[in-house]
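In terms of my numbering, the sequence shown is residues 2 to 294.
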Amino acid sequence: MAAYAALVSLSHIFDQIQNHPRPPISLDKEQLQSLTEKVMFLQDFLERYTNINGGGTEEAEALESRITDAAYAVEDIIESHIVDQIEAHVKNNCGVDFYQGLQKLIEVMDWIKIEVTEIKKETEIQLNTNDSICADSLSGSRSMGQNTMVGFGDVLIEDLLDKLTGQQSNLQIVPIVGMGGIGKTTLARSIYAKPLIVEHFDFRGWATISQGFNSKEILLQVLLCLKTTGSKESFIQMTEHELGETLYKSLSGRRYLIVMDDIWSIEAWDRVRFFFPEYNNGSRIVITTRLLN
Numbered sequence: 002m003a004a005y006a007a008l009v010s011l012s013h014i015f016d017q018i019q020n021h022p023r024p025p026i027s028l029d030k031e032q033l034q035s036l037t038e039k040v041m042f043l044q045d046f047l048e049r050y051t052n053i054n055g056g057g058t059e060e061a062e063a064l065e066s067r068i069t070d071a072a073y074a075v076e077d078i079i080e081s082h083i084v085d086q087i088e089a090h091v092k093n094n095c096g097v098d099f100y101q102g103l104q105k106l107i108e109v110m111d112w113i114k115i116e117v118t119e120i121k122k123e124t125e126i127q128l129n130t131n132d133s134i135c136a137d138s139l140s141g142s143r144s145m146g147q148n149t150m151v152g153f154g155d156v157l158i159e160d161l162l163d164k165l166t167g168q169q170s171n172l173q174i175v176p177i178v179g180m181g182g183i184g185k186t187t188l189a190r191s192i193y194a195k196p197l198i199v200e201h202f203d204f205r206g207w208a209t210i211s212q213g214f215n216s217k218e219i220l221l222q223v224l225l226c227l228k229t230t231g232s233k234e235s236f237i238q239m240t241e242h243e244l245g246e247t248l249y250k251s252l253s254g255r256r257y258l259i260v261m262d263d264i265w266s267i268e269a270w271d272r273v274r275f276f277f278p279e280y281n282n283g284s285r286i287v288i289t290t291r292l293l294n
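Okay, structure coming up:
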């Protein structure tokens, strides 16, 4: 990852300046502290969040590119000033242009940090929402959305329950199709928490997909419903393939129900379908979607 490598390189330069007995230049302490904090913040983000929220998308690649450019720009201005100082045989006499140029780059990194902070908030909201759904379903204490479903009659609900708990032993995909806003998610959540469903399946998991899907995030959301397989922190550190293998092993031999809410493309399903094992034990996957095919 180019962005992470650029930040590591810049961090090494800061360490050398701070720890060298006779550093080639002196940096303003506030500027150095500000830059060091931002580099550490962005490193943490790239380690923990990029592959979860939008990794591999155009937006993520553009953000990584801006981080890379900013980090190398700071490195270049520092190294260029070191060369200037050596050639001029003047030490510890940083010019105004250098400080001003460095301050502009700090401001650029400030804007990047603001953008990254928003991404982290959105990611945490999504994961915490998923945790809430899983917690509600595990307790079985609430029937979600009973009084807010519009356009779905008892016949449809009974038909879905029959499909989910019927005698067909092979893994079944049960779609809930319709336009946005008609209550597909509410219907799925209500069925997901019904006592019949709670008792019928060994495990239930939920993943909200949405338009800008990320396969690692889908796997992570389902795994977070498995309360005994690992911590959120350990899952975040895994690659997509490692998450898929962990999920496959966790579901093996168990009758499971997975809800994949708000799928916008077939690709989202194709990317993760092989991580759901087929044991002919009556497992089901519910998909809510606007797609007709």
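By construction, the Cβ of each residue, glycine as well, lies at the ideal position given by its N, Cα and C atoms.
Give the secondary structure of F236 by DSSP, where H, G and I count as helix, E and B as strand, and everything else as coil.
-> Reduced to three states, the DSSP call for F236 is helix.
8 angstroms CB neighbourhood of S253 in its chain, flanking five on each side removed | By the criterion of a C-beta distance shorter than 8 angstroms, S253 is surrounded in its chain by P278, Y280, once the five residues flanking it on both sides are discounted.
CA-CA distance, S144 and I177?
-> Caution applies to S144, whose pLDDT of 37 falls short of 50 and renders its modelled position unreliable; the model cannot decide the point.
If you draw a straight line from the alpha carbon of I68 to that of I113, how long is it in whole angstroms?
-> If you take the alpha carbons of I68 and I113, they lie about 7 angstroms apart.
Rounded straight-line distance, which links the Cα of I158 to that of L248 | Straight through space, the alpha carbons of I158 and L248 are spaced by roughly 29 angstroms.
Cβ contact (3+ pairs, closer than 8 angstroms) linking the region 192 to 199 and the region 229 to 246 | Short answer: they don't touch.
From this set, A71, E268, R256, A61, which residue's C-alpha is nearest N171's C-alpha?
-> For N171, the closest alpha carbon among the candidates A71, E268, R256, A61 is that of R256.
Figure out for me which residue from A71, D203, V287 has the closest Cα to the Cα of S191.
-> Closest by alpha carbon: V287.
Write down every uninterrupted run of the alpha helix (DSSP H) in the region 151 to 192 whose length is 4 residues or greater and which is fully enclosed by it, in chain order.
-> Those alpha helix (DSSP H) runs which fall completely within the region 151 to 192 and span 4+ residues are 155 to 166.
Would you please state the rounded distance, in angstroms, between the beta carbons of K185 and T289? I believe it to be under 8 angstroms.
-> So it is a contact: roughly 4 angstroms between Cβ atoms.
What whole-angstrom Cβ distance do S211 and D263 have, given they're in contact under 8 angstroms?
-> Rounded to the nearest angstrom, the Cβ distance from S211 to D263 is 5 angstroms, consistent with a contact under 8 angstroms.
Stretch pair the region 265 to 275 + the region 159 to 170: three plus CB contacts closer than 8 angstroms | The region 265 to 275 is not in contact with the region 159 to 170.
Which residues in the same chain have their Cβ closer than 6 angstroms to the Cβ of S284, if we skip the five residues on either side of it in sequence?
-> Within the same chain, S284 has close Cβ partners L172, R256, Y257.
Return the chain-ordered ranges of every beta strand (DSSP E) run that is complete within the region 240 to 290 and spans a minimum of 3 residues.
-> Segments of the beta strand (DSSP E) lying fully in the region 240 to 290: 257 to 264, 285 to 290.
Could you give the distance in angstroms between the alpha-carbon of E234 and the alpha-carbon of L36?
-> Distance between the alpha carbons of E234 and L36 is about 26 angstroms.
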